[in-house]
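Enquirer: Position one of the sequence shown corresponds to residue 1 (the UniProt record's numbering), numbered consecutively onward.
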Amino acid sequence: MAGEEHRVASLVQPQPAELYLDGAWHPAGLLGWRHDGAGRCRARVRVDLAGAPRVVWAPLELLRLPVPDVPPVPGVHRSAAPVPRPRPGADAGAGRWSPGRSAVPGRRPETWREDHPHAELLDDAEYQLQELRLQVELLKLQRWAGATRQRVAVVLEGREAAGTDGLVRTVTEHLDPRCTRVVAPASPSAPVRLSLSALPGAGEVVLFDRSWYGRPAVETGPGDDLRAVAASEQLLVAGGLRLVKLWLSVTRGEQRTRLALRRSGWSLTPADLAVLDRWDADTAAEEAVLAATSAPSAPWTVVGANDEPRARLEAVRSLLWGPAYDGRRDDVVGTPDPLLVRSVRGARPDPLPGDRRPQNHDGNHIRSSHSACDSGRPASTG
């Protein structure tokens with residue numbers, strides 16, 4: 001629409017970049033970006049042309065960010081000293097929260113070291129640089145999904161205080177909100193229903209911050225309802241849905257620390273406290289659910305999340321790892337850290353019927369709901 005104003009996302013500080021002009025790469029500074037009326041993303045870049053600084057709008061294909069120079073450190077993954085385990089009977093309150101237990105003021109317990117393969121937390125400056133580079137790749141993925149009318153659904157689950165909210169913010173921070181939705185239950189005790197209205201339409205990306213794998217379903221183990229959901233997922237994937245299922249995993253001590261920090265921020269609920277007492281039972285139920293609902297067409301990817309910033313990056317890499325979207329930079333996406341990321345190998349499901357798609361109660365084939373991102377263009381055959 002002529003004269004329409006487009007909202008611009010501006011960075012607090014310019015980020016070093018390179019802009020491709022006249023057959024060569026030129027040093028530049030990334031100032032921000034915006035989405036135009038057709039849903040395409042353009043970067044706002046400052047570059048020196050003919051000795052004079054200029055600010056231009058450029059497509060993402062003409063922009064690249066520097067690869068971080070991080071020297072390898074041999075043996076860093078396994079150099080962390082083992083965390084001493086409490087001996088039986090040493091502390092009857094270990095593993096559970098009580099009003100009298102709190103962290104030392106001004107010092108956070110290093111519970112993140114429990115079963116964590118890296119010696120140190122991810123450096124904040126390194127995290128911000130990698131996050132920005134991966135968010136540019138997410139923009140490319142969204143634009144590709146809109147151009148080819150792909151339907152992308154991302155399921156985020158995990159332990160209480162595992163960090164799904166922060167991961168949602170990282171993924172959606174700079175995506176076009178017209179083609180992105182976040183679906184979340186009203187409360188942990190009311191999981192999202194697997195309904196067509198919640199699923200993405202053509203060209204749309206939907207994130208489920210908790211899903212039909214809600215807390216009540218996981219705590220009771222893999223019953224008939226979850227097995228039916230897993231079968232429905234297979235049919236949806238066979239019908240063209242791109243489904244990514246991510247499970248964020250934290251250790252018992254780290255969960256206890258994060259819940260203690262919630263207490264100081266007045267965001268702790270009785271339900272949060274109850275999960276500490278059910279740790280062993282919930283662990284067995286979750287492992288059974290992951291194995292029963294992971295299929296080759298819709299596997300679970302488990303991400304170790306004791307280091308929350310590092311887990312966000314690895315989860316985004318796992319999301320970007322599969323699709324071969326236009327303009328993808330493999331040096332930016334990289335490979336998910338095998339020390340933190342693993343794919344759950346569940347039992348092989350029954351083969352899908354040869355020519356069947358989900359049907360409604362009238363026996364008609366179900367079509368995906370129309371989305372605001374569906375421009376009516378035919379899907380790309382390239």
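Ideal Cβ positions, reconstructed from N, Cα and C, are used throughout, including at glycine.
Determine contact between the region 113–129 and the region 318–325, defined as no fewer than three beta-carbon pairs at a distance below 8 Å.
Expert: no
Enquirer: To the nearest whole angstrom, what separates the beta carbons of Pro299 and Val344, a pair I think is in contact under 8 Å?
Expert: 6 Å
Enquirer: Could you tell me the alpha carbon to alpha carbon distance between Pro353 and Gln234, rounded to whole angstroms?
Expert: Any answer about Pro353 is weak, because its pLDDT of 31 lies below 50 and its placement is not dependable; what the coordinates show is given next. Taking the Cα positions, Pro353 is about 11 Å away from Gln234.
Enquirer: Taking the beta carbon of Pro200 as the centre, do at least 16 other beta carbons fall within 10 Å, making it buried, or is it exposed?
Expert: buried
Enquirer: Since Thr172 contacts Trp247 with CB under 8 Å, what's their CB separation in whole angstroms?
Expert: The Cβ separation is near 19 Å, so there is no contact.
Enquirer: Could you tell me the distance, in whole angstroms, from the CA atom of Ala202 to the CA atom of Thr111?
Expert: 43 Å
Enquirer: On the premise that Leu138 lies in contact with Leu167, defined as a C-beta separation below 8 Å, what is that separation, rounded to the nearest angstrom?
Expert: With a Cβ gap of about 12 Å, Leu167 and Leu138 do not count as contacting.
Enquirer: Which residues mark the beginning and the end of the alpha helix (DSSP H) in which Tyr127 is found?
Expert: Asp124 to Thr148
Enquirer: If we call anything under 7 Å between Cβ atoms a contact, is Leu241 one with Arg151?
Expert: yes
Enquirer: What does the Cβ neighbour count give for Ala317, buried or exposed, with the cut at 16 atoms within 10 Å?
Expert: The question names Ala, yet the displayed sequence has Arg at residue 317. Counting other Cβ atoms within 10 Å of its Cβ, Arg317 reaches 16 or more and is therefore classed as buried.
Enquirer: Below 8 Å on the Cβ atoms is my contact criterion, and I expect Leu63 with Ala24 to pass it. Report the Cβ-Cβ distance as a whole number of Å.
Expert: That belief does not hold up - the Cβ atoms of Leu63 and Ala24 are roughly 14 Å apart, past 8 Å.
Enquirer: Going by C-alpha to C-alpha distance, which of Ala28, Ala119, Asp36 and His35 sits closest to Val56?
Expert: Ala28
Enquirer: Check for me: the beta strand (DSSP E) holding Trp33 runs from which residue to which?
Expert: Ala24 to His35
Enquirer: Closest by CA to Ser195, which one among Arg227, Leu236, Asp165 and Ala161?
Expert: When each option's Cα is compared against that of Ser195, the closest is Leu236.
Enquirer: Alpha carbon to alpha carbon, what distance is there between Leu290 and residue 394?
Expert: Residue 394 is absent from the model: the chain starts at 1 and stops at 382.
Enquirer: Pull up the DSSP beta-bridge partners for Trp247, would you.
Expert: Glu157 and Val302
Enquirer: Assuming Asp272 contacts Leu259 (C-beta within less than 8 Å), just tell me the rounded distance between them.
Expert: 5 Å
Enquirer: In whole angstroms, what is the alpha-carbon distance linking Ala58 and Asp326?
Expert: Whole-angstrom Cα-Cα distance: 16 Å.
Enquirer: Could you give the distance in angstroms between the alpha-carbon of Glu120 and the alpha-carbon of Val275?
Expert: 28 Å
Enquirer: Relative to the C-alpha of Arg7, which residue among Glu286, Asp22 and Arg44 is closest?
Expert: Arg44
Enquirer: How about Arg181 and Val206: are their beta carbons less than 7 Å apart?
Expert: yes
Enquirer: Helix or strand or just coil, what does DSSP make of Arg345?
Expert: coil
Enquirer: From the DSSP output, in three-state form, read off Thr269 for me.
Expert: coil
Enquirer: Buried or exposed, going by whether 16 or more other CB atoms sit within 10 Å of the CB of Glu287?
Expert: exposed
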